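Residue numbers (this note's numbering): 36 to 140.
Here the structure is laid out as structure tokens; the discussion comes afterwards.
Structure, rendered in structure tokens:
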């Protein structure tokens, strides 16, 4: 079994560049089609965790759902430098509710 050790972040340049300082691979994108191709390439290249800014993720629902049906990669939504859309927190809340039967958050 091959190891999924890579971590990457996809989003606008201003939001993702800081992640480079802590050793995470950064993939700045300028449009949704580029973002979709980048996420698909990262998954094919065995990235175990892919962070996506919420501003990009809101237009990638189909791609994100496709990977959510798989064990890896884990897709995690994060706020961009423009702030949060609360999409990531909503997903966490939904998953907790699904796992325990009630929303404890």
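We put the CB at the ideal spot given by N, CA and C, even for glycine.
Values in this document were obtained by computation on a predicted structure and should not be read as measured data.
Residue of the options minimising C-alpha distance to residue i
{"i": "residue 4", "options": "96, 87 and 99", "result": "Only positions 36 to 140 of the chain appear in the structure, and residue 4 is not among them; the question remains open."}
{"i": "residue 46", "options": "73, 39 and 38", "result": "73"}
{"i": "residue 91", "options": "106, 76, 117 and 105", "result": "117"}
{"i": "residue 42", "options": "78, 71, 70 and 69", "result": "78"}
{"i": "residue 102", "options": "83, 113 and 120", "result": "83"}
{"i": "residue 97", "options": "62, 52, 75 and 51", "result": "75"}
{"i": "residue 112", "options": "85, 105, 49 and 104", "result": "85"}
Where residue i sits in the DSSP three-state scheme
{"i": "residue 55", "result": "helix"}
{"i": "residue 115", "result": "strand"}
{"i": "residue 110", "result": "strand"}
Sub-8 Å separation of residue i and residue j beta-carbons
{"i": "residue 99", "j": "residue 110", "result": "yes"}
{"i": "residue 39", "j": "residue 81", "result": "yes"}
{"i": "residue 64", "j": "residue 54", "result": "no"}
{"i": "residue 95", "j": "residue 67", "result": "yes"}
{"i": "residue 89", "j": "residue 114", "result": "yes"}
Enclosing beta strand (DSSP E) for residue i [first to last residue]
{"i": "residue 41", "result": "41 to 46"}
Where the alpha helix (DSSP H) through residue i begins and ends
{"i": "residue 75", "result": "67 to 79"}
{"i": "residue 61", "result": "Per DSSP, residue 61 belongs to no alpha helix (DSSP H); it is in the beta strand (DSSP E), 60 to 63."}
{"i": "residue 101", "result": "96 to 103"}
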